[in-house]
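Residue numbers (this note's numbering), protein chains in the order written: chain E, 1 to 234; chain B, 1 to 443; chain V, 1 to 335. Below is one structure, written out as structure tokens; the observations come after it.
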Amino acid sequence: MSFLDASDMTGGYGAADILHGCTLKVEKGQIAVIVGPNGAGKSTAMKAVFGMLKLRGGHVMLDGEDITALSPQDRVRKGMGFVPQVNNVFPTMSVEENLEMGAFIRTDNFRPTMEQVYDLFPILRDKRHQNAGELSGGQRQQVAVGRALMTQPKLLMLDEPTAGVSPIVMDELFDRIIEVARTGISILMVEQNARQALEIADQGYVLVQGANKYTDTGAALMADPEVRRTFLGG
Amino acid sequence: MSTHQPSAAKGGKIRAPLLFAVMAVLIVFEGLTSGWNGALGIVNMGLISAILALGVNMQWGYAGLFNSGVVGFIALGGLAPVLVAMPPTPGAFAAGGWQILIGLMIAAAAIVLAVWLNGRLAGKTRALAIIMVLVAGFFTYRAVFDPAVAAVQAINPSALGYLGGLGLPVLIAWPVGGVLAAGAAWVIGKTALGLRSDYLAIATLGIGEIIVAALKNEEWLARGVLNVNGIPRPWPVPYEIDLQGNAAFVERAAALGLDPVTASTLLVKLLYTGLFVIVLGLLIWATQLALKSPWGRMMRAIRDNEISAAAMGKNVTRRHLQIFVLGSAVIGLAGAMMITLDGQMTPASYNPLRYTFLIWVMVIVGGSGNNWGSVLGGMLIWYLWIKAEAWGPQMMDLVTANLSEGVLKQHLIDSAAHMRLIVMGLVLLLVLRFSPRGLLPER
Amino acid sequence: MEFLNALVAILNYVVVPATAYGAQLALGALGVTLIYGILRFSNFAHGDTMAFGTGITIIVTWGLQALGIGLGPLPTALLALPFGIAITAALVLATDRVVYSYYRKVKTAPVILTMVSVGVMFVMNGLTRLLIGVDEIQFADGERFVVAARAFKTATGLDEPLSIRTTQVITVVVAGLVVWALFWFLARTRTGKSMRAFSDNEDLALLSGINPNHVVAVTWIIAAALATTAGTLYGLDKSFKAFNYFQLLLPIFAAAIVGGLGNPLGAIAGGFVIAFSEVGVTYAWKKVATYLIPNWEAEGLLQLLSTEYKFAVSFAILIIVLLFKPTGLFKGKSV
Numbered sequence: 001m002s003f004l005d006a007s008d009m010t011g012g013y014g015a016a017d018i019l020h021g022c023t024l025k026v027e028k029g030q031i032a033v034i035v036g037p038n039g040a041g042k043s044t045a046m047k048a049v050f051g052m053l054k055l056r057g058g059h060v061m062l063d064g065e066d067i068t069a070l071s072p073q074d075r076v077r078k079g080m081g082f083v084p085q086v087n088n089v090f091p092t093m094s095v096e097e098n099l100e101m102g103a104f105i106r107t108d109n110f111r112p113t114m115e116q117v118y119d120l121f122p123i124l125r126d127k128r129h130q131n132a133g134e135l136s137g138g139q140r141q142q143v144a145v146g147r148a149l150m151t152q153p154k155l156l157m158l159d160e161p162t163a164g165v166s167p168i169v170m171d172e173l174f175d176r177i178i179e180v181a182r183t184g185i186s187i188l189m190v191e192q193n194a195r196q197a198l199e200i201a202d203q204g205y206v207l208v209q210g211a212n213k214y215t216d217t218g219a220a221l222m223a224d225p226e227v228r229r230t231f232l233g234g
Numbered sequence: 001m002s003t004h005q006p007s008a009a010k011g012g013k014i015r016a017p018l019l020f021a022v023m024a025v026l027i028v029f030e031g032l033t034s035g036w037n038g039a040l041g042i043v044n045m046g047l048i049s050a051i052l053a054l055g056v057n058m059q060w061g062y063a064g065l066f067n068s069g070v071v072g073f074i075a076l077g078g079l080a081p082v083l084v085a086m087p088p089t090p091g092a093f094a095a096g097g098w099q100i101l102i103g104l105m106i107a108a109a110a111i112v113l114a115v116w117l118n119g120r121l122a123g124k125t126r127a128l129a130i131i132m133v134l135v136a137g138f139f140t141y142r143a144v145f146d147p148a149v150a151a152v153q154a155i156n157p158s159a160l161g162y163l164g165g166l167g168l169p170v171l172i173a174w175p176v177g178g179v180l181a182a183g184a185a186w187v188i189g190k191t192a193l194g195l196r197s198d199y200l201a202i203a204t205l206g207i208g209e210i211i212v213a214a215l216k217n218e219e220w221l222a223r224g225v226l227n228v229n230g231i232p233r234p235w236p237v238p239y240e241i242d243l244q245g246n247a248a249f250v251e252r253a254a255a256l257g258l259d260p261v262t263a264s265t266l267l268v269k270l271l272y273t274g275l276f277v278i279v280l281g282l283l284i285w286a287t288q289l290a291l292k293s294p295w296g297r298m299m300r301a302i303r304d305n306e307i308s309a310a311a312m313g314k315n316v317t318r319r320h321l322q323i324f325v326l327g328s329a330v331i332g333l334a335g336a337m338m339i340t341l342d343g344q345m346t347p348a349s350y351n352p353l354r355y356t357f358l359i360w361v362m363v364i365v366g367g368s369g370n371n372w373g374s375v376l377g378g379m380l381i382w383y384l385w386i387k388a389e390a391w392g393p394q395m396m397d398l399v400t401a402n403l404s405e406g407v408l409k410q411h412l413i414d415s416a417a418h419m420r421l422i423v424m425g426l427v428l429l430l431v432l433r434f435s436p437r438g439l440l441p442e443r
Numbered sequence: 001m002e003f004l005n006a007l008v009a010i011l012n013y014v015v016v017p018a019t020a021y022g023a024q025l026a027l028g029a030l031g032v033t034l035i036y037g038i039l040r041f042s043n044f045a046h047g048d049t050m051a052f053g054t055g056i057t058i059i060v061t062w063g064l065q066a067l068g069i070g071l072g073p074l075p076t077a078l079l080a081l082p083f084g085i086a087i088t089a090a091l092v093l094a095t096d097r098v099v100y101s102y103y104r105k106v107k108t109a110p111v112i113l114t115m116v117s118v119g120v121m122f123v124m125n126g127l128t129r130l131l132i133g134v135d136e137i138q139f140a141d142g143e144r145f146v147v148a149a150r151a152f153k154t155a156t157g158l159d160e161p162l163s164i165r166t167t168q169v170i171t172v173v174v175a176g177l178v179v180w181a182l183f184w185f186l187a188r189t190r191t192g193k194s195m196r197a198f199s200d201n202e203d204l205a206l207l208s209g210i211n212p213n214h215v216v217a218v219t220w221i222i223a224a225a226l227a228t229t230a231g232t233l234y235g236l237d238k239s240f241k242a243f244n245y246f247q248l249l250l251p252i253f254a255a256a257i258v259g260g261l262g263n264p265l266g267a268i269a270g271g272f273v274i275a276f277s278e279v280g281v282t283y284a285w286k287k288v289a290t291y292l293i294p295n296w297e298a299e300g301l302l303q304l305l306s307t308e309y310k311f312a313v314s315f316a317i318l319i320i321v322l323l324f325k326p327t328g329l330f331k332g333k334s335v
């Protein structure tokens with residue numbers, strides 16, 4: 001069984017469903033990427049996995065345990081880390097305090113984890129006493145990812161981590177994400193920059209209207225002429 | 001806004017007539033048990049409260065604007081009967097009246113000039129120029145204004161000591177009161193609207209306090225805490241003493257089995273009631289028309305979703321200013337009517353708990369957004385407010401009946417009068433919590 | 001000599017009273033700003049919370065005085081203050097449980113919460129009146145002056161007196177301690193940091209596992225403590241009258257907005273800006289001018305505004321800030 005197994009998810013915010021039997025699976029230490037056109041329900045699928053959306057059908061399993069009924073906070077305790085797309089830092093708190101808040105639920109010593117985050121994002125070590133709100137967009141995203149890593153999650157979920165950053169910063173962020181995956185953390189992310197994201201993806205999901213349209217390895221999807229033509233712009 | 005979730009009103013069509021009937025029964029019961037004079041007194045202030053509530057409802061119910069300075073607009077409206085209907089003080093204008101007006105005009109000109117400069121200049125010169133204009137304006141104003149005030153206040157200070165009015169019929173003062181309040185509302189709305197919603201609440205809290213402070217202290221204007229008494233009555237309300245001296249009236253009263261004193265007070269009160277009902281009727285007619293017009297629909301659309309209304313090209317701030325000024329005008333009108341009814345201007349009586357927050361309770365209890373609800377809320381809450389004054393001590397007597405005489409008993413009895421604040425607070429909290437749409441929900 | 005006299009006059013009539021008043025306003029504004037930052041509404045009941053807390057403190061003070069317990073030269077009220085804070089905190093927490101928590105659950109618009117706080121204000125106002133009445137109460141005991149006017153004149157040989165009341169010194173010292181403790185708490189402790197995080201970004205704070213009920217409860221307790229302390233200091237310095245505390249609402253809100261709503265540092269700065277402007281504008285400068293400009297007799301009192309209009313000063317500053325810098329001198333929330 002996959003590390004994350006979210007199968008046949010059906011649900012939405014109001015009366016109308018947005019997700020129609022959507023299935024997402026991530027293996028241990030692998031990167032899974034959700035791509036698809038606007039309004040396909042990518043972010044909604046992510047929120048459903050994290051428990052921010054009530055499901056009418058389907059279930060979510062993490063490491064073999066059924067977590068469908070848990071609240072987002074409880075899922076964090078079970079080993080999920082979530083980086084929202086916007087408003088993902090505490091702007092008037094220092095970088096270090098942001099990381100501390102990330103570790104809020106931990107009762108053990110989180111200093112080593114903080115050092116790991118600083119090793120992963122060296123720029124944050126330099127700016128540890130600066131307020132997160134004063135950082136550049138790319139640095140803020142690093143703080144956001146770092147904050148989520150502070151709970152030592154087994155699954156890290158990123159909602160469009162590269163939205164609004166320059167291509168150079170985007171490449172750097174993807175490199176870091178690969179590094180995170182190498183430490184054994186599974187990654188599930190939604191991306192607008194489909195082509196670059198699929199390049200680093202072990203598993204790719206193309207969602208259309210809340211359902212899986214294509215599911216394959218990242219490389220296979222990149223090679224699929226149909227996917228290229230319809231979703232990757234040729 | 002969560003108070004305005006659309007859902008079918010319970011009771012449907014008969015709900016409003018039923019509740020008004022209950023209100024009428026309460027009044028009749030009051031008349032039968034404690035006398036018609038008192039009952040009519042409650043009706044008259046209840047009608048004024050209803051108009052006040054209508055004004056506040058325009059601001060809160062139609063547009064979601066939080067006006068916490070209602071007391072100031074009421075007081076400003078109350079100034080109108082003094083300025084319009086009192087006889088002019090002989091020699092006041094010669095002594096310093098004109099000079100006072102010139103002083104005020106200097107102050108206004110300085111502010112206008114500062115605002116104009118603010119739009120014209122930039123950077124450091126702007127700040128410097130504005131400060132210089134304001135400082136120079138202020139000192140010139142004080143130099144012109146202060147001696148003139150002293151001169152006016154020196155005229156027969158025990159009875160007059162103020163400018164007096166224009167000596168016109170007091171009915172003219174009613175719309176004038178509305179205009180005065182509207183002017184103040186325009187100034188305050190211009191600054192505080194378009195910012196965060198609470199800013200208006202705090203800014204209006206300030207203007208309310210300042211208007212009342214000005215009325216208390218500017219003796220040349222309306223004698224301050226010395227009060228202005230004997231404001232003329234509006235047509236067609238006569239004086240009791242004249243009625244009692246009128247043989248035909250005394251005879252007709254006797255035919256009805258009434259003594260002349262009671263009959264005259266009742267007739268005077270009834271005539272006031274008639275006048276107030278006419279005004280209230282006109283306002284209800286106008287507000288209902290407005291609420292159902294495209295303008296009213298747009299107001300509610302803005303209230304329910306400001307962002308999407310703004311996205312549709314509606315100038316939200318402008319609409320808010322419009323409704324804020326209109327609502328304040330209605331409040332000012334009611335303020336003028338109240339002073340006319342009382343026949344005297346007593347600035348010290350303008351208490352924010354009574355004249356701002358109690359009106360709020362009326363609007364919320366009646367049903368925000370519903371004009372008829374405001375009328376009902378105004379009448380009902382006024383009735384409760386008056387009755388609670390009597391019920392508090394009665395209840396306290398009951399509670400303390402078994403207590404031995406002593407400090408505690410005396411303290412409890414003394415403080416019973418404050419019970420009604422707690423009661424009003426609880427009513428507001430309970431309605432907001434369990435029936436946020438009020439007695440007569442919108443639509 | 002003349003210059004020194006002028007300086008002492010300014011100290012005596014402007015700087016000393018405005019510093020004490022500013023400290024009181026700052027404490028009040030801190031409470032308002034904390035509630036705004038965490039619970040996201042303007043709490044109209046704050047003035048009456050101050051009045052209630054002070055009322056309790058006064059009653060406990062009377063009790064202590066009756067038992068013969070005192071602090072010697074310091075006012076007994078300082079000893080009673082912790083009791084006042086505890087009871088006020090209990091009342092405020094109960095209010096939150098019974099009243100406010102429901103609106104948090106249904107996620108009401110802030111303006112409705114403000115309206116709800118008006119209801120709470122009514123009840124608290126009534127409770128305070130029930131408890132202690134509407135009359136003016138003096139409850140400061142102990143030594144009256146730290147620097148007495150006559151002693152100062154004999155010691156320095158100046159014409160102008162300088163008097164510093166014990167209550168003024170206590171106000172500044174206590175306010176300083178409270179502010180230091182609050183800032184230490186917010187900057188250094190886990191709970192304090194979680195409060196800042198909650199104020200900054202509620203959703204992310206929830207995601208990080210911060211317990212909102214805990215944050216809200218701590219906020220109310222701190223607000224009650226600040227309100228009671230501010231109210232008691234104000235009452236010691238001037239006198240206690242329930243209605244005056246309602247009227248303090250305007251300068252307190254003005255201070256919080258001028259500083260930037262939701263910003264604690266701003267609230268303190270705002271408190272002093274308002275206090276110094278209010279005292280400076282309503283002070284009659286004639287005496288100072290006579291000292292400074294020889295051979296000149298001023299015609300009037302050289303008072304910019306009479307003291308009845310002191311609220312107009314808070315209001316004017318509020319309007320200026322709203323016009324030119326709506327988020328306040330220090331950046332506040334713009335929600």
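Ideal Cβ positions, reconstructed from N, Cα and C, are used throughout, including at glycine.
Per the DSSP secondary-structure output, A32/E pairs in a beta bridge with L188/E and Q203/E.
The region 114 to 124 of chain E makes contact with the region 134 to 148 of chain E: 3 or more CB pairs, one atom from each, lie closer than 8 Å.
Distances from the CA of I164/V to each of T156/V, F152/V and A175/V were compared; the closest alpha carbon is that of F152/V. When CB distances to chain V are screened at a threshold of 8 Å, the residues of the region 198 to 213 of chain B falling below it are D198, Y199, A201, I202, A203, L205, G206, I207, E209, I210 and A213, in chain order.
Boundaries of the beta strand (DSSP E) around D216/E: A211 to D216. Residue environment: D48/V is assigned as buried (16 or more neighbouring CB atoms within 10 Å of its CB, all protein chains considered). For the pair G119/V and I112/V, the Cα-to-Cα distance works out to about 11 Å. For the 8 Å CB-CB criterion, L34/V and P264/V form a contact. Relative to the Cα of V206/E, the nearest Cα in the group G36/E, D159/E and G51/E belongs to G36/E. Boundaries cannot be given for S136/E, as no beta strand (DSSP E) includes it and DSSP labels it neither H nor E. The beta-carbon of Q24/V is placed no less than 8 Å from the nearest beta-carbon of chain B.
The continuous beta strand (DSSP E) containing T23/E extends over residues L19 to V26.
In the structure shown, the three-state DSSP call for E2/V is helix. Note on geometry: alpha-carbon atoms of D259/B and V268/B lie some 14 Å from one another. For D159/E, the closest of I187/E, L62/E, V180/E and R182/E by C-alpha to C-alpha distance is I187/E. Shown here for V165/E: same chain residues with a beta carbon closer than 8 Å to its own, the five before and five after excluded, namely G137, G138, Q141 and L173 in chain order. Taking CB atoms only, G55/V has no neighbour in chain E less than 8 Å away. M61/E: member of the beta strand (DSSP E) spanning L55 to L62, first to last residue. Those residues of the region 100 to 117 of chain E placed with their C-beta closer than 7 Å to a C-beta in chain V are E100, M101, G102, F104 and I105, ordered along the chain. Shown here, F66/B sits in coil according to DSSP, grouped into three states, outside any helix or strand. Within the same chain, Cβ atoms closer than 7 Å to the Cβ of M195/V are found at I38, L186, V215, V218 and T219, the five residues on either side in sequence being excluded.
In the three-state DSSP reduction, R354/B falls in the helix class (H, G or I).
With respect to the C-alpha of V288/V, the residue from A23/V, L78/V and E160/V having the closest C-alpha is E160/V. When secondary structure is reduced to three states using DSSP, S239/V falls in the coil class, being assigned neither helix nor strand. Linking G425/B to I202/B through their CA atoms gives a straight-line distance of about 20 Å. Under the DSSP assignment, V147/V falls in the beta strand (DSSP E) whose first and last residues are F145 to V147.
For D5/E, the uninterrupted beta strand (DSSP E) run begins and ends at L4 to G11, by DSSP. Fewer than three pairs of CB atoms, one per stretch, sit closer than 8 Å, so the region 50 to 58 of chain E makes no contact with the region 137 to 150 of chain V.
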